[in-house]
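Student:
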Amino acid sequence: MSYIEKKFSEIDKRKDIENRRGFAIEKFNKELKNTYEEAKKILFKKPWVEEYYNNTLLKDVSSIETWFVENLKKQSNLKAYDVNYFRNN
5 MSYIEKKFSE IDKRKDIENR RGFAIEKFNK ELKNTYEEAK KILFKKPWVE
55 EYYNNTLLKD VSSIETWFVE NLKKQSNLKA YDVNYFRNN
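So the mapping is simple: the numbering used here equals the position in the sequence shown, first residue as 1, plus 4.
#1: Please return the same chain residues whose Cβ sits closer than 8 Å to the Cβ of Asn93, not counting the five positions on each side in sequence.
#2: So what does DSSP say about Glu81, is it helix, strand or coil?
#3: Would you kindly report the start and end of the unbroken alpha helix (DSSP H) that includes Lys50?
#4: Nearest-angstrom Cα distance between Lys10 and Asn23?
#5: Is the beta carbon of Glu69 sitting closer than 8 Å to the one on Leu47?
Here is the structure:
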């Protein structure tokens, strides 16, 4: 493989990663929303889990959501070609 072919191959990989990232973000947001909704359904059916729901589940899911939002913010500040940032951090 020539140098130019290798560089274009890298560009194609980066474009593919970017396309998959958009899909993954959508899917993650959907699943996060579903987690909240399903947890509320369980709470409604089984009120005795309210303490766990309030003290553990909501905190854990909220911390995951916070982590996700923070990483999206970091990614939005990167240039499209800056793919090594998250591999090194």
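All residues carry an ideal CB built from backbone N, CA and C; glycine is no exception.
Tutor: Quick look at the numbers:
#1: Reliability fails at Asn93, whose pLDDT of 49 lies under 50, so the model's placement of it is uncertain and no value is given.
#2: Strictly speaking, residue 81 in this sequence is Asn, with Glu absent from that position. Three-state result, Asn81: coil.
#3: First-last for Lys50: undefined, no H or E at that position.
#4: 20 Å
#5: no
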